[in-house]
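What follows is one structure encoded as structure tokens, with my remarks underneath.
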Amino acid sequence: MSKLRIGMPKGSLQEATFNLFKKAGWDFRVSTRSYQPVVDDDELEPVLLRAQEIPRYIAAGVLDVGLTGHDNVVESGADVQEVAELIYSKATSRPYRWVLAVPSDSPIQGPKDLQGKRVSTELVNLTKNYLAKHGVTADVEFSWGATEVKVSQGLVDAIVEGTETGSTLAAHGLKIIDTLLESTTRLVVNKTAWADDWKRTKIENIALLLQGALDADTLVGLKMNCAKENLDAVTKLLSSLRKPTVSPLDEDGWVALETIIPEKTVRMVVPALRRAGAQGLVEYPLNKVIY
Numbered sequence: 000m001s002k003l004r005i006g007m008p009k010g011s012l013q014e015a016t017f018n019l020f021k022k023a024g025w026d027f028r029v030s031t032r033s034y035q036p037v038v039d040d041d042e043l044e045p046v047l048l049r050a051q052e053i054p055r056y057i058a059a060g061v062l063d064v065g066l067t068g069h070d071n072v073v074e075s076g077a078d079v080q081e082v083a084e085l086i087y088s089k090a091t092s093r094p095y096r097w098v099l100a101v102p103s104d105s106p107i108q109g110p111k112d113l114q115g116k117r118v119s120t121e122l123v124n125l126t127k128n129y130l131a132k133h134g135v136t137a138d139v140e141f142s143w144g145a146t147e148v149k150v151s152q153g154l155v156d157a158i159v160e161g162t163e164t165g166s167t168l169a170a171h172g173l174k175i176i177d178t179l180l181e182s183t184t185r186l187v188v189n190k191t192a193w194a195d196d197w198k199r200t201k202i203e204n205i206a207l208l209l210q211g212a213l214d215a216d217t218l219v220g221l222k223m224n225c226a227k228e229n230l231d232a233v234t235k236l237l238s239s240l241r242k243p244t245v246s247p248l249d250e251d252g253w254v255a256l257e258t259i260i261p262e263k264t265v266r267m268v269v270p271a272l273r274r275a276g277a278q279g280l281v282e283y284p285l286n287k288v289i290y
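See below:
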């Protein structure tokens with residue numbers, strides 16, 4: 000039997016990734032003492048790795064496909080192909096930004112001011128390339144963590160750090176002066192695997208269902224009945240992917256409607272529908288929406 004070897008990110012993204020796959024149709028499980036997940040699909044062979052390592056193992060052909068950040072692909076320089084963007088953070092849909100930050104009272108205003116300075120970051124290659132692009136020579140050192148503290152304590156002059164909102168940087172008395180990279184989670188494949196018909200079809204199926212699960216996350220289904228005389232007023236209130244499905248009921252003069260709407264609009268739309276004559280309104284969650 001053909002198998003697809005897939006890298007799953009261990010760490011902060013692990014639980015969210017497993018939950019997303021479960022919604023898409025795959026049940027991944029791993030014990031707390033194991034790095035070897037199991038999945039209810041004999042065609043998949045999962046491997047649990049730090050997201051930073053996944054691109055180079057895919058490029059080497061050890062893995063066929065995996066989920067990792069675009070920032071990890073850029074930092075590694077791995078020759079891989081990104082085939083899908085998957086934004087599945089519950090907290091925010093904003094990309095993860097890698098920014099250049101300095102103390103709020105620092106005279107540094109831009110990259111040119113970093114000449115001869117010391118910069119701390121987890122993404123050394125990205126930072127060196129950024130500085131080279133601006134014709135700047137600086138001492139770029141790898142940070143094992145707590146990067147914000149290093150600049151606030153005067154150990155370095157600037158940092159390149161990842162952030163979603165910038166609130167943590169501001170809390171440490173830092174200001175953002177430039178953005179080097181915006182990153183989201185990507186489905187990344189080995190180019191040889193992508194050229195294999197069976198593996199490509201399997202990967203495309205996974206990407207389709209993962210995206211369908213993500214798209215469904217912000218939508219709900221809505222069912223209702225209404226008298227034909229109120230149909231125009233009711234349908235004008237519905238903002239759906241397509242026109243709502245309308246079916247006749249056994250009772251003369253009545254129809255059933257079914258549609259999909261953004262979950263955040265329910266609290267406004269449902270009361271308006273009720274006032275327009277809709278009855279028996281039922282809201283239900285969705286697992287996947289395939290466009």
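Per numbering that gives the first Met the number 0, residue 0 is the first one in the sequence shown, and the count goes up by one each step. Every residue gets a Cβ at the ideal spot worked out from N, C-alpha and C, and that includes glycine.
| Check | Outcome |
| --- | --- |
| Does the structure place the segment 129-143 close enough to the segment 197-207 that three or more beta carbon pairs sit under 8 Å? | no |
| Going by the CB atoms, is the gap between Leu-12 and Val-29 shorter than 8 Å? | no |
| Measure how close the beta-carbons of Gly-6 and Gly-65 come, nearest whole angstrom, since I'm counting them as under 8 Å. | 3 Å |
| Report yes if the CB atom of Asp-231 is closer than 8 Å to the CB atom of Tyr-290, and no otherwise. | no |
| Assign Asn-71 to one of two classes, buried (16 or more other C-beta atoms within 10 Å of its C-beta) or exposed (fewer than that). | buried |
| Mapping DSSP to helix, strand and coil, what is Ile-289? | coil |
| Short check: CB of Ala-226 to CB of Trp-253, under 8 Å? | yes |
| Can you give me the C-alpha to C-alpha distance between Gln-80 and Glu-121, rounded to a whole angstrom? | 23 Å |
| Using a threshold of 8 Å, state whether the C-beta atoms of Ile-175 and Val-118 are closer than that. | no |
| Taking Val-61 as the reference, give the member of Lys-222, Arg-241, Thr-191 with the closest Cα. | Thr-191 |
| How many whole angstroms separate the CB atoms of Leu-256 and Met-223, which I take to be in contact at a CB cut-off of 8 Å? | 5 Å |
| Could you name the residues of the same chain whose beta carbon sits closer than 8 Å to that of Asp-112, not counting the 5 residues immediately before and after it, in chain order? | Pro-106 |
| For Lys-174, write down the residues that DSSP places opposite it in a beta bridge. | Val-101 |
| With DSSP run on the structure shown, which of helix, strand or coil describes Lys-116? | coil |
| Based on DSSP bridge pairs, tell me the residues matched to Tyr-95. | Ser-182 |
| Can you tell me whether Arg-274 is helix, strand or coil according to DSSP? | helix |
| Flag this pair as touching only if the segment 35-54 and the segment 146-154 have three or more C-beta atom pairs under 8 Å; answer yes or no. | no |
| Quick one: what's Ser-30 bridged to in DSSP? | Its beta-bridge partners do not exist; DSSP assigns none. |
| Can you tell which of Trp-143, Tyr-34, Arg-96, Gly-76 has the C-alpha that lies nearest to the C-alpha of Gly-165? | Arg-96 |
| How many angstroms separate the CA atom of Glu-140 from the CA atom of Pro-270? | 58 Å |
| Between which two residues does the beta strand (DSSP E) containing Gln-210 stretch? | No beta strand (DSSP E) contains Gln-210, which is instead part of the alpha helix (DSSP H) from 196-215. |
| As a quick exercise: from Ala-170, Arg-273, Ala-83, Glu-52, pick the residue whose alpha carbon is nearest that of Leu-207. | Ala-83 |
| Please give the ranges of any beta strand (DSSP E) in the segment 228-275, keeping only runs that are unbroken, at least 3 residues long and fully inside the region. | 244-247, 253-261 |
| By the 10 Å Cβ neighbour count, where 16 or more other Cβ atoms means buried, how is Leu-168 classified, buried or exposed? | buried |
| Assuming Gly-220 contacts Tyr-283 (C-beta within less than 8 Å), just tell me the rounded distance between them. | 5 Å |
| Looking at the secondary structure, which residues open and close the alpha helix (DSSP H) in which Gln-369 lies? | This structure cannot settle anything about residue 369, because the visible part of the chain is limited to 0 through 290. |
| Put Val-46 into one of helix, strand or coil per three-state DSSP. | strand |
| Using a threshold of 8 Å, state whether the C-beta atoms of Asn-124 and Gly-76 are closer than that. | yes |
| Are the beta-carbon atoms of Asn-229 and Ala-275 separated by less than 8 Å? | yes |
| Bridge partners of Met-7, per DSSP? | Leu-47 |
| In angstroms with no decimal places, state the Cα-to-Cα distance between Val-188 and Asp-63. | 6 Å |
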